[in-house]
Every structure is written in structure tokens, then in C-alpha cells.
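Since the structure comes first, as C-alpha cells, the remarks are kept for the end.
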Amino acid sequence: MRPAADDHAPREPIFNIPSAVIGVIAVLTAIHGLREWGLGPDSLVYEMAFIPARFALLFGADPVPGLSASLARDPGNVDLIQRLGLAREIVAEGASKPWTTVSYALLHGSWMHLTLNSVWLLAFGTAVARRFGTFRFLAFLVVTAIGGALGHFATHAGDVGPMVGASASVSGCMAAAIRFVFQPGAPLGAYRLTEEQSYRLPALPLGAVLRDSRVVTFLAVWFIMNLATGLGAEELGFTDSAIAWEAHVGGFLVGILAFRWFDPASTALD
């Protein structure tokens with residue numbers, strides 16, 4: 001026998017999206033709109049994008065000799081000429097701009113780039129923001145952005161090409177979500193509890209999470225998709241620039257490993 005419906009009970013809104021997620025997407029959209037409509041400074045991308053060769057100045061690295069040697073072997077290469085010019089500008093300025101390990105995530109290369117990241121942030125960031133709360137969620141986005149920048153830097157230390165986009169933070173949210181959404185009682189698990197309770201369940205240890213077949217399948221599909229798009233998207237014409245898939249992996253790894261330090265619910269030791 002079911003209890004009679006309470007017409008005065010509060011109803012769940014159709015779109016129950018945390019304000020933190022909406023706010024982040026609004027900021028990203030506003031910044032990209034200013035750039036697209038020519039209202040932002042022309043130097044915005046150069047100042048805010050993550051450029052591995054510039055960050056490498058922190059460690060005394062100089063990209064000019066390597067690019068000069070490459071150009072000597074191929075003197076007519078226009079791309080190398082442009083890269084060498086930018087490298088010389090970076091070295092002359094002498095500023096590593098470490099804050100760009102975060103600020104790059106505020107910029108996007110196109111409306112499609114922004115739209116895709118916004119959709120994935122809605123899908124995975126919503127669950128993470130509900131569990132973490134606003135401050136922890138925003139801090140988590142910052143830390144995973146840094147993880148993405150470092151992941152990209154690890155494989156492109158001498159590259160002068162700028163990297164932009166919130167994909168590393170979105171990947172971090174995906175990683176954080178799988179730490180809790182599939183377990184029993186959780187939002188996507190069996191025997192789901194109430195909305196409030198399902199986001200307050202203590203997360204299982206990472207080892208237990210990785211033994212869940214759904215998590216393993218998700219991880220396999222995610223890594224294959226990232227590898228495929230990272231290596232083939234430009235050649236197939238899906239984008240006019242390379243996808244920094246190493247940044248996605250960096251953000252994901254930081255997200256799955258750092259989850260327990262941001263999770264307000266008590267968790268078992270990983």
C-alpha cells in the first residue's frame with residue numbers, strides 16, 4: 001500500500017543544476033564571447049594560455065636552440081619560422097607565468113570546443129558539485145586544471161604552441177564522479193537512497209571502485225576515445241588544431257587520486 005501523495009510536498013525542479021556549475025559555464029561563455037566579438041584584448045590568449053616552453057623557463061630551459069637547429073635542417077618551413085619567432089619572444093620576455101597552469105582553462109578555441117566542455121561539465125560536474133559543495137568544487141577544478149597542464153608539459157616541454165580549454169577539469173570531474181556514483185545507494189547504483197543521502201554516502205576505497213566492472217568499462221572507453229581523438233581528430237577534420245589528450249589524462253588522474261582530499265563525506269582509506 002502506497003502513502004497518499006502530498007500535494008504540498010516540495011517538488012524537485014526539472015533541471016536541478018548546482019549554481020556553481022551554472023556559474024562556471026557562464027564565466028567561460030562570457031570570456032569566449034568577449035574574445036569572439038573583439039571586446040577583449042588581443043593579447044588575451046598569449047597572456048592566459050598555457051605554453052609549455054614558457055613554463056619551462058622556470059627550470060632554465062631555452063626553446064630557441066632546438067627550434068633554430070630544426071629550422072637549419074628545413075629552412076623553408078613556415079611553421080618552424082613562426083614557432084622560432086614566438087620562442088624568441090618568450091625568452092626575451094623571460095616570464096614563465098606559472099598562473100597559466102590554471103588560466104588556460106578559462107579560454108576555448110571555438111564555440112564548439114566550449115559547447116562540448118559545457119555539456120560534459122553539466123553531465124559530470126553536477127554530481128561532483130552536489131557532493132563537494134561550491135568551494136570544494138571550484139578548488140577541485142583548479143587542481144585538476146593544474147594536473148592537466150602538467151600532464152601536457154610532461155610530453156611537450158619545448159612546445160611553443162598555446163593550450164586552452166577546460167577539458168582537463170572536465171576529465172577530473174568524470175574521474176571524481178566514478179569514485180561514488182556507481183556504488184550501492186549512490187545516484188547510479190542499486191538500491192538508490194534519497195537525493196540527499198545518495199550524495200552523502202562514504203565513498204569506497206579506490207581499489208574497490210576499480211574492481212567494479214562498470215567503472216572498468218567506463219575507464220577503458222574513456223582512454224580509448226581520448227587516444228583516438230587526440231591522435232586522429234585533426235587528420236580526420238574534426239578540428240583544425242591538435243587535441244591535448246595528455247592534458248585530459250593528467251586532469252583525470254589527478255581527479256581520481258585527489259578525490260578523497262576534497263570529498264566532505266567520510267571515506268575509507270584508499
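The sequence shown begins at 1 in UniProt numbering and counts up one residue at a time.
Ideal placement from N, C-alpha and C gives every residue a C-beta, glycine not left out.
Fair warning: this is a prediction, and the values are worked out from it, not measured in the lab.
| query | What's the call for Gln-183, buried or exposed, on a 16-neighbour Cβ count within 10 Å? | reply | Around the Cβ of Gln-183, a 10 Å sphere holds 16 or more other Cβ atoms; the residue is buried.
| task | Could you give the DSSP three-state label for Phe-182: helix, strand or coil? | result | Correct three-state label for Phe-182: coil.
| task | Counting only the same chain and skipping the five closest in sequence on each side, list residues whose C-beta sits under 7 Å from that of Met-225. | result | No residues qualify anywhere along the chain.
| C-alpha gap between Phe-135 and Val-142, whole angstroms | Computed Cα separation, rounded: 11 Å.
| request: Using the Cα positions of Thr-112 and Glu-36, report the straight-line distance between them to the nearest angstrom. | output: In the sequence as displayed, the identity of residue 112 is Met instead of Thr. Rounded to the nearest angstrom, the gap between the Cα atoms of Met-112 and Glu-36 is 13 Å.
| request: Mind checking which residues open and close the alpha helix (DSSP H) that includes Val-209? | output: Note, Val-209: alpha helix (DSSP H), 206-209.
| Among Leu-57, His-108, Arg-88 and Gly-60, nearest to residue 273 - alpha-carbon criterion | Outside the shown range of the chain, which is 1 to 270, sits residue 273, and nothing can be said about it.
| query | When you compare only the Cα positions, how much space is there between Phe-262 and Ile-81? | reply | Cα atoms of Phe-262 and Ile-81: separation of roughly 45 Å, rounded to the nearest angstrom.
| request: Report yes or no: do the region 116-123 and the region 20-29 share at least 3 C-beta pairs separated by less than 8 Å? | output: Here the region 116-123 makes contact with the region 20-29; the two share three or more CB pairs at distances below 8 Å.
| said: For Phe-137, count the other beta carbons within 10 Å of its own beta carbon; 16 or more makes it buried, fewer makes it exposed. Which is it? | reply: For Phe-137, the number of other beta carbons within 10 angstroms of its own is at least 16, and it is reported as buried.
| field | Short Cβ contact (8 Å threshold) for Ala-145 with Gly-60 | value | Contact: no.
| message | Please tell me whether Ala-176 and Phe-259 are closer than 8 Å, where the distance is taken between their beta carbons. | response | Yes, these two residues count as a Cβ contact at 8 Å.
| said: Closest to Glu-246 by C-alpha separation, out of Phe-153, Arg-73 and Ala-203, would be which residue? | reply: In this structure, Phe-153 is the residue among Phe-153, Arg-73 and Ala-203 with its C-alpha nearest to the C-alpha of Glu-246.
| When the Cα atoms are used, what is the spatial distance from Glu-93 to Ala-127? | Roughly 42 Å separates the two Cα atoms.
| query | When the Cα of Phe-140 is compared with those of Ala-105, Val-45, Val-181 and Val-164, which residue comes out closest? | reply | The alpha carbon of Phe-140 has as its nearest neighbour, out of Ala-105, Val-45, Val-181 and Val-164, the alpha carbon of Ala-105.
| task | With a threshold of 16 other CB atoms inside 10 Å of the CB of Ala-123, please say whether the residue is buried or exposed. | result | Classification for Ala-123: exposed.
| field | Host alpha helix (DSSP H) of Met-112 (start-end) | value | That run of the alpha helix (DSSP H) goes 111-120.
| query | Val-209 to Asp-74, Cα distance in whole Å? | reply | When rounded, the distance between both Cα atoms is 51 Å.
| task | Pull up the CB-CB distance for Leu-57 and Ser-96, whole angstroms please, since I reckon it's below 8 Å. | result | Between Leu-57 and Ser-96 the beta-carbon gap is near 4 Å, inside 8 Å, which marks them as a contact.
| query | For Asp-62, which residues from the same chain have a beta carbon less than 7 Å from its beta carbon, with the 5 sequence-adjacent residues on both sides left out? | reply | Once the five neighbours on either side are set aside, the close Cβ partners of Asp-62 are Val-91.
| In chain order, each alpha helix (DSSP H) run of at least 4 residues that lies wholly inside the region 25-91 | Runs of the alpha helix (DSSP H) inside the region 25-91: 44-48, 52-55 and 64-73.
| CB contact flag (Val-254, Gly-172, <8 Å) | Contact: yes.
| message | For residue 271 and Ala-265, which I take to be in contact (beta-carbon distance under 8 Å), what is that distance rounded to the nearest angstrom? | response | Within the shown structure, residues of the chain are numbered from 1 to 270, placing residue 271 beyond reach of any answer.
| said: With the cut-off set at 8 Å, would you say Phe-159 and Pro-52 are in Cβ contact? | reply: Reading off the sequence shown, one finds Asp at residue 159, where the question assumed Phe. For the 8 Å CB-CB criterion, Asp-159 and Pro-52 form a contact.
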